[in-house]
Amino acid sequence: MARDRDEHDSYFDALNQAASLDGKLRNDNKQSVIFRAIASIPNFELWLLLHYEDIQAPIHRDEVMRRLKQHIPGYEKGAGSAFATTCERLDIATQRANALATRFNAKTDPEPYTAIVDLVTLLTSLRG
């Protein structure tokens, strides 16, 4: 479950619900399914901005978008080309996201945090 902070009233409820489901669901092989919220504060675009800037302090989602558009002109939320546009900078974004994770977590709002790095790491490892 991917969830950015934006202005969702149910944000913390969604995090708690994901935690409560972890290990309780089973796949077709009767194995426990890992269920984890992939949070990003203040929004998903923080992950993209980390490809270009080192953000280590609270930042408003509108400022994230403004600064991201300086690096990716014409970017719109939900754009399908984000990975292709940023993949060459994946290593630096990963380092920056991991640095944030040593200081903050999904519940330390308004501090910046993104677990998108974990999802991207998993998906790129499956590529082989």
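Residue numbers (this note's numbering): 882 to 1009. From the three backbone atoms N, C-alpha and C, an ideal C-beta is built for every residue, glycine too. All values derive from a computational prediction rather than experimental measurement.
Item: Around the Cβ of residue 883, are there at least 16 other Cβ atoms within 10 angstroms (buried) or fewer (exposed)?; Value: Annotation note: pLDDT 48 at residue 883 (below 50); position unreliable, coordinate value reported separately. Flag for residue 883 reads exposed.
Item: Within 8 angstroms, do at least three Cβ pairs link the segment 947-958 to the segment 916-934?; Value: yes
Item: Which residue marks the beginning of the alpha helix (DSSP H) containing residue 913, and which one marks its end?; Value: Residue 913 -> no alpha helix (DSSP H), and no H or E assigned at all.
Item: Opposite residue 994 in the DSSP bridges: which residues?; Value: 922
Item: How is residue 964 classed by DSSP in three states: helix, strand or coil?; Value: helix
Item: Count the other CB atoms within 10 Å of the CB of residue 926; is the residue buried (16 or more) or exposed (fewer)?; Value: buried
Item: How do the segment 984-991 and the segment 954-966 stand: do at least 3 beta-carbon pairs fall below 8 angstroms, yes or no?; Value: no
Item: Taking the Cβ atom as the reference point for each residue, do residue 978 and residue 1002 lie within a distance shorter than 7 angstroms?; Value: no
Item: Is residue 893 closer than 7 angstroms to residue 902 when the C-beta atoms are compared?; Value: no
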